[in-house]
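One structure is given here, and the rest of the page talks about it.
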Amino acid sequence: MMRLEWLLAGLLLSGVDGFAVPYGCKNLGLLGASSGGGLVPLRLPSRGRRHGLLGVCSSANAAVGDFTDNAALLTAREAFVSAALAGPKNGVAATQEQRADIEGKLNALVALNPTENPADKLVGEWEAFFDGSFKSIYTNTTGASNGKVGPFVGDVWQQFVTSRDENTGVVTNNLKLGPLRGQLTARAERRSGTKMDVLFEQIVFKLFGIPISTKEFGPNSKEGKKEPKGSWDIKYMDRDLRILITNAGNVESLMRTTEFDGQ
Numbered sequence: 012m013m014r015l016e017w018l019l020a021g022l023l024l025s026g027v028d029g030f031a032v033p034y035g036c037k038n039l040g041l042l043g044a045s046s047g048g049g050l051v052p053l054r055l056p057s058r059g060r061r062h063g064l065l066g067v068c069s070s071a072n073a074a075v076g077d078f079t080d081n082a083a084l085l086t087a088r089e090a091f092v093s094a095a096l097a098g099p100k101n102g103v104a105a106t107q108e109q110r111a112d113i114e115g116k117l118n119a120l121v122a123l124n125p126t127e128n129p130a131d132k133l134v135g136e137w138e139a140f141f142d143g144s145f146k147s148i149y150t151n152t153t154g155a156s157n158g159k160v161g162p163f164v165g166d167v168w169q170q171f172v173t174s175r176d177e178n179t180g181v182v183t184n185n186l187k188l189g190p191l192r193g194q195l196t197a198r199a200e201r202r203s204g205t206k207m208d209v210l211f212e213q214i215v216f217k218l219f220g221i222p223i224s225t226k227e228f229g230p231n232s233k234e235g236k237k238e239p240k241g242s243w244d245i246k247y248m249d250r251d252l253r254i255l256i257t258n259a260g261n262v263e264s265l266m267r268t269t270e271f272d273g274q
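Going by this note's numbering, the residue at position 176 of the sequence shown is 187; the numbering climbs one at a time, nothing skipped.
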């Protein structure tokens, strides 16, 4: 069970924070803006539908900037998301050529990040930037944080729980592998305009819905030690997609999804 406990820990450090497609990009199946200002469904490619991925178009958003007409950003975002989803699940077992292609497109998108000081924006608008579920679409780590358990690769996603103060939010990282469910609860604390510290509080595992293992961290735990700690360096963020560098130097990209709503 220790292997699974640290798998979830690794998942959070990788930011499995989360999936969406570029704003205004019809062929990626966003929710598009109608002429009346409402949202209308657009066409999703078959793989996007299977993953339950959504995007949200915004004609004028102060938090992420008015970039629906930014052709370079939309093109770069579509290129990266499409490449990530076309590759192996979570990026596991991607070939050197696939990684070079995906990460080249990722770097091109990061260079066009529309959100200045994303950590400030995140803690200032938790519900806007973190509401719902965010699933990992690509990571370059070969460790446990890629969702691989033995020969299997599980689904991993992140959800926002609540805010504790103006700089701190509580999040969960989740693993789904057949009847096994794992959930790591942690708090994310803003350290600077782009960086957040992540401190583990609890890991719970369930099999067929029955709890089989619970471990607490921090001064109230049996060990009474400080919580394990990691960090996120947010390189790209809009309301539906985030790209992070973890304290271990790994890339993690997370995208808003409806696949795990209610789980």
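From the three backbone atoms N, C-alpha and C, an ideal C-beta is built for every residue, glycine too.
Because the structure is a prediction, the values reported are computed rather than measured.
| Asked | Found |
| --- | --- |
| Glu200 in three-state terms, based on DSSP | strand |
| Three CB pairs or more closer than 8 Å across the region 94-111 and the region 132-139 | no |
| Reduced DSSP category for Val103 - H, G, I as helix; E, B as strand; rest coil | coil |
| Sub-7 Å separation of Ser147 and Val167 beta-carbons | yes |
| Reference Trp293, options Gly235, Asp249 and Leu255, closest by Cα | Any property of residue 293 remains undetermined from this structure, which presents the chain solely from 12 to 274. |
| Nearest-angstrom Cα separation, counted from Met248 out to Val121 | 9 Å |
| DSSP beta-bridge partners of Gly180 | Ser174 and Ala199 |
| Strand pairing of Thr150, partner residues [DSSP] | Glu263 |
| Buried or exposed (CB count within 10 angstroms, at least 16 for buried), Ile113 | buried |
| Selected residue, minimal CA-CA separation from Val259, among Asn151, Gly115 and Phe219 | Sequence check: residue 259 is Ala here, not Val. Taking only the C-alpha atoms, the option nearest Ala259 is Asn151. |
| Buried versus exposed call for Ser264 [16 or more other C-beta atoms within 10 Å across all chains shown] | buried |
| Straight-line gap, Lys184 to Gly235 (C-alpha atoms, nearest Å) | A small correction: the amino acid at residue 184 is Asn; Lys does not occupy that position in the sequence shown. Their backbone Cα atoms lie some 23 Å apart in a straight line. |
| Bridge-paired residues (DSSP) for Asp244 | Lys206 and Ile256 |
| Sequence-distant residues of its chain with Cβ nearer than 8 Å to Asp142 (five each side left out) | Phe171 |
| Three or more C-beta pairs below 8 Å linking the region 103-111 and the region 176-196 | no |
| Lys132, enclosing alpha helix (DSSP H) - first and last residue | Pro129 to Gly135 |
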